[in-house]
Every structure is written in structure tokens, then in C-alpha cells.
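Trainee: Have a look at this one.
Residue numbers (UniProt numbering), protein chains in the order written: chain A, 1 to 221; chain B, 1 to 487.
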């Protein structure tokens, strides 16, 4: 049984890393949002499985938040926003897909080397979870730095946050996980969607952060 | 009677947390600038009184969530004090912003409510005994400042807020990952659940934690919270956020928020020091501190914006403080602590002056601000004293703390003293160069009389001067005690 438990948890966590890698080569906003929805869906499964394995019912709340909020509401809302604002559907990347993928592979390797080396005594389930979570975190960071578009930076941040939720649920019996996931959801909902996109829209008529950079170039510091 | 004391102390902690929350709700609902600005001052004063009462009442027994000990009480009192003086400054600053139409009454309500929520977040971060709660509180304080930095809605303000938000979020994420790792390290020893996040329990069991896991955790925590301290490779948000937000926010950012993040780093440094096999946190902190110091010192020369200039000076001073704490030992820790207090007071005083100056001149460009001591002696000389203090000239307080840092570096790590002194001198030169232009010479720009509130600025400067001349022995003894706690 424990072998199966471990394998399934492993599969979901590994799946999350895989979907994170998929995010790296999306060059259209809608596709990126769909992949993010998938990312959150995999996270939901992973968290729900952890809740079942650890017999921790509060984690089902975290799973439900991931499903309802991050897999459905946020992607749908962003879809609508993109349509209404009529912003560029294509994402401009800072570096090409190839180098980004290579960097992504490098980051995953780094995460494995770091985490697996320092946790030889930890419970193998938590240990691998942590390694995968760090990979997802670093890949999310990579999405954020390789995209110029504000929406895709936000998506990068949300996927990074999914990695954190994975890490928090993997740590057995960690308190405040639900609170933290709620706090993050509120953070995303309020700041990103409510305030920034509309304010940026108000001023720039585009959600391309390069508009911000252009502006910066003109200004004397 | 004795049974009453813990109850009273508990009330003080609750008051420090609840007054800002209650005030935030009220300020969000009440209209009218005069009323709300006054209410903001009153709430801040009450918080300060509650914080001061922590000094005299008995301390509560550390619980699952809250803790009052010798270390955080310094931070809380400093926080409440600067929060109070800034609220006085803010009242006169904001009146001008309303007149010029840069802020609307609706903005203002939001601003005041956010100000109190930020105070709540910072106080909560200080008193939390739970590393998860501390993380949430630091996040809350950061987010409120993000919103306030963007409040003018200009291109620059939005750019600054966005940059701050993105970098701050990455910092938040790293810090949370580090927190999770600390929990993972603690869980086999302390047991599952809340206990493994309670700081007082962590510290007593730290020796048994897995050192490798703790090492990695500290690296993440240092990167995460270090982003918020403004340490050098991660500082990019700081100058923008200082320059584009309202000046009272620049004052609390430099004077307080950086300290909150620093406090978090210090807590984890103590934890690491309690584990004999973990890496020493010191060299990492010293490296980042020195890089920040030298880098910021050079950056000071190229600044054309007065608020940006002092933002870089904050990076420089946070570098010195982190360096001092990284070196550790009684003298360096004492110096770091003193420097932190002095920097908070001086830098917020400078921003009080700069805020009024920028309003009078209608610009933040250094080249448009000249001859202040002639046209606005009150503000001009205040700025002169502030800059002289921040540059580290005697007899002001920062000279003493910098002197202690340098002398203990010479005693313990003579080689590191070279870049340290080099950085200090470079920064000194830059600041005095800028000061002569701004304060003296042919007056330029508007000479409209200042409707400034001088009390906050001069009370800070008086404290800094007083500390430079004479430190009361009880204060010295207290700081020395904390210095030994910090190891």
C-alpha cells in the first residue's frame, strides 16, 4: 500500500513539474492560461491525495481553493479580461524557447541536487515533494523573468505559488497551510486582477510591461 | 495582585495589534480629511502608548502565536514611535497633496486605512511567536506598502509599484519556502502541528535539527527576507518605491519596513546559531551587507532625484547593519542594534524634510533644489543636520554606531575593514557633495513659505544628537543584553 501511496503522490508532484515545463514554451496568452488551469488541476489532485494519505481533512479545503479559484475562476476571469481589453494575444519572450527550456531543465536538476542532498533522513514522500516543489517554484520564476507581458508574469507568479502550496502540503502536519493558501488567493485576486491590470490599462492601453520599460528609457533618473 | 500583571501585559500586546485594526476600519469609513488625519495621529499615539506600556508591564508567557521578549520590544517601541511621528508629518504633507489635487478624498481614506493596516502588519510581525504567522504579517505589511506606492497612479508610480510587487512576491515566495523547510527540520524533533512553528520551542530544540536542511532553509530565508531588507543584488525595487510613493511612505519604508524584514532575518540567524552543526549565518550576511554597502555608496553619486538619493543611502545603511549583525559578538551586535535605531530615526527625519521640500519646489530633481538654508532655514538646516548625521559625522548617533562597527571589524576581521571603510568614505563623499548643492549656494526654484510640521523632524534629530553625546546607562545595559541574545 505504502508503495502505491508513494507512487501516486510522486506522479502528481512530477506531473506538476511537467506542466510547469509546458508553460515555458507557450507563446499565446490563451494557451498559457489553459496550461495554468491544468497546472492548478494537477495541484488539486496532488493536495487532495496528500489530504487523503495524511488523513488531514483541512487540506481538502486547500484542494478546493486550488480547484475553484485557481483552476476555474482566475483563468476564466483572465480570459475575459484579455478579450475585453483586446491586448496582444501573443506573448513576447525575452529569450527564445530553446534556451528557456534548457534553463528550465537546469533549474529542475538544481532543485533535485539541492533538496535530495540535504534531506537524506526525511520521509521519502516529503523529500521528493519538496524537490518537486522547488522545481515548480524555480520554473515559475523562470516564466516570470522570460516574459514581457504582465498577464503572463502574473501566471508565472501563480504557478510559483502552486509550488509553494505543494511544498506546504508535503510537509506533514504543517499548520496554517489553509490560511496561507487563502492569503495567497486574496493576494492574487486583489492586487493583480483588481488593482494592477486596471490601473495599467488605464494608463497604458496595454498590459505589456514593455510599455513601462519604454517609459523608463525616456525618463531621467 | 500578581495575577493581574500578566493580564495587563496581555492587554498591552493586544492593544498594539488591535488599535491599528480598529483605526483602519474607522478611517476607511469616515469622510473628511481633517478628522481622519487627526484620527490617524491619535491612533498612532495610542499604539505608541501601548507599546511603551510593554516596557513596564510584566510580559505574557509566550503562547502559540504571540511573544514579547527583550529583542522584539526594541523593534516594537521604535516602530510605534516612528509610526506616530510619521503620522504627524503625514497630516501636513497630505493636506498639501489634497490642495494640489494629486490625491482625491477617496484616495485619502484608502491611504489612511492602509497606513494603519501596515502598522498592524509590522507590529504583528514583531510580536509573532510563530514563524508562519510572522511570514503572513510581513507579507501583509509589504502588500499595503505596494498599494500605497502606487497611489498617485502616475506612470512612474505604477512602474515602481509593479516592480515592487513582482520582486516582493518573489521574496515572499522564497521566505515561505524557507519557512516550510524550517518546519520540515523541526517536525521530527518537536512533533507535528503548531509546535514545530513556535519560535520559542524551535530555539530550545534547535540543536537536534537536521543541520543540512536548516542551512538550505536559511539561504532561502535570507534571500526572501533579504529582498525586503533591500540587500544588494535584490534591491531593485527599493529606490523606485521610495521615489514614487508619497513621502510619508518613503519614511516608513526606510525607517520601519526594512527593519521588519531585518528582524525576521535575525530571528532565523539566532535559530541557526543554536544549532551547532549548521553553517554560520554570519559570513553570508557579512558578504551581502558589504556588497550592499559598497554598491550603494557608488550609486549615490549618479542620483538626480532627491528621494532616490536617500533610498540608496538606506540600502547602504542596511548593508552596514546586516554586516554588523553578521559579524556577531557583543560589540558588533550592539553596534548593529544602535545603528538600526539611529538609522530609522535619522532617515525618517530626512524624508520628513525632503517631503516638504519636494512639495515647495514642485520637483524631486536635485538640480532644481538649491540654497535651502537661505530660503527655508527650518527645513534646510534640518536637512543639513540629518545628512550630516547619516553621513556619519560626530557628534551624532550614527557616528558612534559606525565607529563601533568599524573598530570591532578591525579587531576581528581586519581585512574586511578595508572595504567597509572604503564604502563608508565613498558614501560620505557623495552625501556631502549633494548636500552642499542642495543646502547652500544660489537659491533656485520656488521660495514659497513652508507649511511644514517641524516637530517630528527635529524630535528625531534631537534624539539622534542626544544618543551621540550621551547614551543613558540603562539603555546601554539593555542593548548589551540583547547583543548577547543575538550571539
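Backbone N, C-alpha and C fix where the C-beta goes; we use that ideal spot for every residue, glycine too.
1. Any Cβ of chain A within less than 7 Å of the Cβ of residue 132/B?
2. Can a CB atom of chain B be found closer than 7 Å to the CB of residue 36/A?
3. If contact means a Cβ-Cβ distance below 7 Å, which residues of the region 191-207 of chain B contact chain A?
4. Assuming residue 224/A is part of the alpha helix (DSSP H), what are its boundary residues?
5. Return the first residue and the last residue of the alpha helix (DSSP H) that residue 33/B is part of.
6. So, does the CB of residue 15/A fall closer than 7 Å to a CB anywhere in chain B?
7. Kindly list the residues whose CB is nearer than 6 Å to the CB of residue 97/B, restricted to its own chain and excluding five residues on each side of it in sequence; keep chain order.
8. Starting from the beta carbon of residue 175/A, find every residue of chain B whose beta carbon is closer than 7 Å, and list them in chain order.
9. Between which two residues does the alpha helix (DSSP H) harbouring residue 46/A extend?
10. Taking the alpha helix (DSSP H) that residue 15/A falls in, what are its first and last residues?
11. So, helix, strand or coil for residue 149/A, using DSSP?
12. Under 7 Å, do residue 173/A and residue 193/B count as touching if we go by C-beta distance?
13. Would you be able to state if there are at least three C-beta pairs under 8 Å between the region 293-302 of chain B and the region 418-426 of chain B?
14. Less than 7 Å between CB atoms is the rule here; does residue 213/B satisfy it with respect to chain A?
15. Any idea which residues DSSP pairs residue 130/B with across the strands?
16. To the nearest angstrom, how far is it from the Cα of residue 358/B to the Cα of residue 171/B?
17. Can you pull the chain A neighbours of residue 169/B, defined as C-beta to C-beta under 7 Å?
18. Going by alpha carbons, who is nearest to residue 128/B out of 60/B, 399/B, 333/B, 25/B?
19. Based on Cα-Cα distance, which residue from 430/B, 466/B, 376/B, 461/B lies nearest to residue 443/B?
20. Kindly identify the DSSP beta-bridge partner or partners of residue 66/B.
21. For residue 215/B, I'd like the list of residues in its chain whose CB is within less than 7 Å of its CB, leaving aside the five on either flank, ordered along the chain.
22. Is there at least one Cβ from chain A nearer than 7 Å to residue 271/B's Cβ?
23. Where does residue 434/B sit, in a helix, a strand or coil, going by DSSP?
24. Leaving out five residues on either side along the sequence, give the residues of the same chain with a beta carbon under 7 Å from the beta carbon of residue 43/B.
25. Indicate whether residue 256/B and residue 79/B have their beta-carbon atoms separated by less than 7 Å.
26. Could you spell out where the alpha helix (DSSP H) holding residue 163/B opens and where it closes?
27. Could you check whether residue 160/A and residue 104/A sit closer than 7 Å to each other, using their CB atoms as the reference points?
28. For residue 156/A, which residues of its own chain have a beta-carbon under 6 Å away from its beta-carbon, when the five flanking residues on both sides are left out?
29. Assuming residue 385/B and residue 392/B form a contact by the criterion Cβ under 8 Å, report the distance between their Cβ atoms to the nearest whole angstrom.
30. Of the residues 160/B, 252/B, 276/B, which one's Cα is nearest the Cα of residue 208/B?
31. Identify, in the order they occur along the chain, each residue of the same chain with its Cβ nearer than 6 Å to the Cβ of residue 152/A, setting aside the five sequence neighbours on each side.
32. Taking only beta carbons into account, state which residues of the region 159-188 of chain B come closer than 7 Å to chain C, listed in chain order.
33. Ends of the alpha helix (DSSP H) at residue 248/B?
34. Based on Cα-Cα distance, which residue from 379/B, 471/B, 111/B, 136/B lies nearest to residue 335/B?
35. Rounded to whole angstroms, what's the CA-CA distance from residue 74/A to residue 137/A? Just pull it up for me.
36. Report yes or no: is there a C-beta of chain A within less than 7 Å of the C-beta of residue 216/B?
Mentor: Taking the structure as given:
1. Position 132 of the second chain, counting from 1, holds the residue named residue 132/B. By the rule that beta-carbons nearer than 7 Å mark a contact, residue 132/B touches chain A.
2. Counting from one through the first chain, the residue named residue 36/A turns up at place 36. No, no contact with chain B.
3. The region 191-207 of chain B vs chain A, Cβ under 7 Å: 192, 193, 194, 197.
4. This structure leaves residue 224/A out entirely; chain A is present only between 1 and 221.
5. If you number the second chain from 1, residue 33/B lands on position 33. First-last of the alpha helix (DSSP H) with residue 33/B: 33-56.
6. Translated into positions along the first chain, residue 15/A becomes position 15. Closer than 7 Å: no.
7. Counted from its first residue, the second chain places residue 97/B at position 97. Cβ neighbours of residue 97/B beyond the five flanking positions: 103.
8. Translated into the one-based positions of the first chain, residue 175/A becomes position 175. By Cβ distance, chain B contributes 132, 193, 194, 197.
9. Translated into positions along the first chain, residue 46/A becomes position 46. Looking at the DSSP string, the run of the alpha helix (DSSP H) that includes residue 46/A is 29-54.
10. The residue given as residue 15/A occupies position 15 in the first chain. Secondary structure note for residue 15/A: its alpha helix (DSSP H) is the uninterrupted segment 2-24.
11. Reading the first chain from its first residue, position 149 is the one you call residue 149/A. DSSP places residue 149/A in strand when its eight states are reduced to three.
12. Position 173 of the first chain, counted from the first residue, corresponds to residue 173/A. Position 193 of the second chain, counted from the first residue, corresponds to residue 193/B. Result yes, Cβ atoms of residue 173/A and residue 193/B sit closer than 7 Å.
13. A contact exists between the region 418-426 of chain B and the region 293-302 of chain B.
14. In the second chain, residue 213/B corresponds to position 213, counting from 1. Yes, residue 213/B lies at the interface with chain A (some Cβ there is under 7 Å from its Cβ).
15. One-based indexing of the second chain puts residue 130/B at position 130. Paired residues: 198/B.
16. The residue labelled residue 358/B in the question sits at position 358 within the second chain. The residue labelled residue 171/B in the question sits at position 171 within the second chain. Looking at the two C-alpha atoms, the distance is approximately 31 Å.
17. Taking the second chain and counting its residues from 1, one reaches residue 169/B at position 169. Simply 157.
18. Here the question's residue 128/B lines up with position 128 in the second chain. Residue 60/B is the option with its Cα nearest to residue 128/B.
19. As a working note, residue 443/B is residue 443 in the second chain. Taking each of 430/B, 466/B, 376/B, 461/B in turn and checking the Cα distance to residue 443/B, the smallest one comes out for 376/B.
20. Translated into positions along the second chain, residue 66/B becomes position 66. According to DSSP, which records beta bridges pairwise, residue 66/B is partnered with 128/B.
21. Working through the second chain from its first residue, we reach residue 215/B at position 215. Hits under 7 Å: 278, 279.
22. Taking the first residue of the second chain as 1, we reach residue 271/B at position 271. Taking Cβ atoms only, chain A never reaches closer than 7 Å to residue 271/B, which makes this a no.
23. Within the second chain, residue 434/B is the residue found at index 434, counting from 1. Three-state result, residue 434/B: helix.
24. Here residue 43/B refers to the residue found at position 43 when the second chain is read from its first residue. Closer than 7 Å at Cβ, skipping near neighbours: 19, 20, 23, 116.
25. Counting from 1 along the second chain, the entry for residue 256/B is found at position 256. Counting from 1 along the second chain, the entry for residue 79/B is found at position 79. Between residue 256/B and residue 79/B, the C-beta gap is smaller than 7 Å, which places the two residues in contact.
26. Taking the first residue of the second chain as position 1, residue 163/B is located at position 163. Start and end: 155-190.
27. Taking the first chain and counting its residues from 1, the one referred to as residue 104/A is at position 104. Taking the first chain and counting its residues from 1, the one referred to as residue 160/A is at position 160. For residue 104/A and residue 160/A, no; Cβs fall outside 7 Å.
28. Mapped onto the first chain, residue 156/A falls at position 156. Closer than 6 Å at the Cβ level, and outside the excluded window around residue 156/A, lie 140, 143, 144.
29. The residue given as residue 385/B occupies position 385 in the second chain. The residue given as residue 392/B occupies position 392 in the second chain. With 8 Å as the limit, residue 385/B and residue 392/B do not qualify as a contact, their Cβ atoms being about 13 Å apart.
30. One-based indexing of the second chain puts residue 208/B at position 208. Looking at the Cα atoms, 276/B is the closest of the given residues.
31. Residue 152/A sits at position 152 when you count from the first residue of the first chain. Cβ within range, chain order: 32, 91.
32. Among the protein chains of the structure shown, namely A and B, there is no chain C.
33. Your numbering for residue 248/B matches position 248 in the second chain. Looking at the DSSP string, the run of the alpha helix (DSSP H) that includes residue 248/B is 247-252.
34. Within the second chain, numbered from 1, the residue matching residue 335/B stands at position 335. With distances taken between CA atoms, residue 335/B lies nearest to 471/B out of 379/B, 471/B, 111/B, 136/B.
35. For the purposes of this step, residue 74/A is identified with residue 74 of the first chain, where counting begins at 1. For the purposes of this step, residue 137/A is identified with residue 137 of the first chain, where counting begins at 1. The straight-line gap from Cα to Cα measures roughly 19 Å.
36. For the purposes of this step, residue 216/B is taken as residue 216 along the second chain, with counting starting at 1. It does; some Cβ of chain A falls within 7 Å.
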